[in-house]
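**Q** Residue numbers (our numbering): -13 to 151.
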């Protein structure tokens, strides 16, 4: 999958298909921690069988693995991603999905961080332009900081069980 002619690291690549491949590559690279910020997960094949299997493998690799997803809109996940919702029902103790509040709805890029080493950054949600890097601890810091800021701008969390009195 990591063919240097089609997926050169740390260079801007413009292709929806290659973006999906790079997302899969980052998901497959994760061992302990995955952090995802996206508008709604409708791009990048996050809800495909292949990526769902990668996430399931991620959850079962180590007892402390954890996935945190921050979305601007959770409707796509709730309505079109049954595999991801199923993973949430099975691995809810290792997985969190948040929705941002209004102050973060204007942000137009998205990114995935794996183990504070690997990343993919889609520059604008409406354009298939992205950069990714494996074992790139030099560029990962800005994404980790942004993710923590975005986590502070969340309002709701997707849960499988409805709580009530």
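Glycine residues also receive a C-beta, built at the ideal position from the N, C-alpha and C atoms. If you're wondering where the values come from, they're calculated on a predicted model, not measured in any experiment.
From residue 93 to residue 85, what distance separates their C-alpha atoms?
**A** Taking the chain shown and counting its residues from 1, the one referred to as residue 93 is at position 107. Taking the chain shown and counting its residues from 1, the one referred to as residue 85 is at position 99. When rounded, the distance between both Cα atoms is 13 Å.
**Q** Can you give me the C-alpha to C-alpha distance between residue 100 and residue 16, rounded to a whole angstrom?
**A** The count along the chain shown starts at 1 and reaches residue 100 at position 114. The count along the chain shown starts at 1 and reaches residue 16 at position 30. Straight-line Cα distance between these residues: approximately 5 Å.
**Q** CA-CA distance, residue -7 and residue 122?
**A** Position 7 of the chain shown, counted from the first residue, corresponds to residue -7. Position 136 of the chain shown, counted from the first residue, corresponds to residue 122. Cα to Cα, residue -7 sits roughly 15 Å from residue 122.
**Q** Whose C-alpha, out of 119, 67, 113, 89, is nearest the C-alpha of residue 13?
**A** Stepping through the chain shown from its first residue, residue 13 is reached at position 27. If we check each option's Cα against that of residue 13, 119 comes out closest.
**Q** Would you kindly work out how many angstroms separate the C-alpha atoms of residue -4 and residue 78, rounded to a whole number?
**A** Here residue -4 refers to the residue found at position 10 of the chain shown. Here residue 78 refers to the residue found at position 92 of the chain shown. Rounded to the nearest angstrom, the two C-alpha atoms are 33 Å apart.
**Q** If we require 3 or more residues per run, which beta strand (DSSP E) segments fall completely within the stretch 38 to 113?
**A** 52 to 57, 81 to 86, 96 to 100, 104 to 110
**Q** On the premise that residue 6 lies in contact with residue 31, defined as a C-beta separation below 8 Å, what is that separation, rounded to the nearest angstrom?
**A** Residue 31 sits at position 45 when you count from the first residue of the chain shown. Residue 6 sits at position 20 when you count from the first residue of the chain shown. Sure, about 4 Å apart at Cβ, within 8 Å.
**Q** Give me the residue from 47, 58, 29 with the minimum Cα distance to residue 20.
**A** Counted from its first residue, the chain shown places residue 20 at position 34. Residue 20 has its Cα closest to that of 47, out of 47, 58, 29.
**Q** Do you know offhand how far residue 111's Cα is from residue 56's?
**A** Position 125 of the chain shown holds residue 111. Position 70 of the chain shown holds residue 56. Cα-Cα distance, rounded: 15 Å.
**Q** Taking residue 74 as the reference, give the member of 29, 116, 53 with the closest Cα.
**A** Translated into the one-based positions of the chain shown, residue 74 becomes position 88. Considering only alpha carbons, the answer is 53.
**Q** Please go through the same chain and pick out, in chain order, the residues whose beta-carbon is closer than 7 Å to the beta-carbon of residue 24, but skip the five residues on each side of it.
**A** Here residue 24 corresponds to residue number 38 of the chain shown, with the count starting at 1. Residues of the same chain with a CB within less than 7 Å of the CB of residue 24, apart from the 5 flanking positions on each side, are 57, 96 in chain order.
**Q** By alpha-carbon positions, which one of 44, 45, 128, 65 ends up nearest to residue 102?
**A** Within the chain shown, residue 102 is the residue found at index 116, counting from 1. The shortest Cα separation from residue 102 among 44, 45, 128, 65 belongs to 128.
**Q** Would you report the Cα separation of residue 104 and residue 64, rounded to the nearest angstrom?
**A** The residue given as residue 104 occupies position 118 in the chain shown. The residue given as residue 64 occupies position 78 in the chain shown. Spanning the two alpha carbons is a distance of roughly 27 Å.
**Q** Tell me where the alpha helix (DSSP H) around residue 7 begins and ends.
**A** Within the chain shown, residue 7 is the residue found at index 21, counting from 1. That run of the alpha helix (DSSP H) goes 2 to 15.
**Q** Over the uninterrupted beta strand (DSSP E) stretch that includes residue 123, give me the two end residues.
**A** Residue 123 sits at position 137 when you count from the first residue of the chain shown. Note, residue 123: premise wrong, no beta strand (DSSP E); alpha helix (DSSP H) at 123 to 137.
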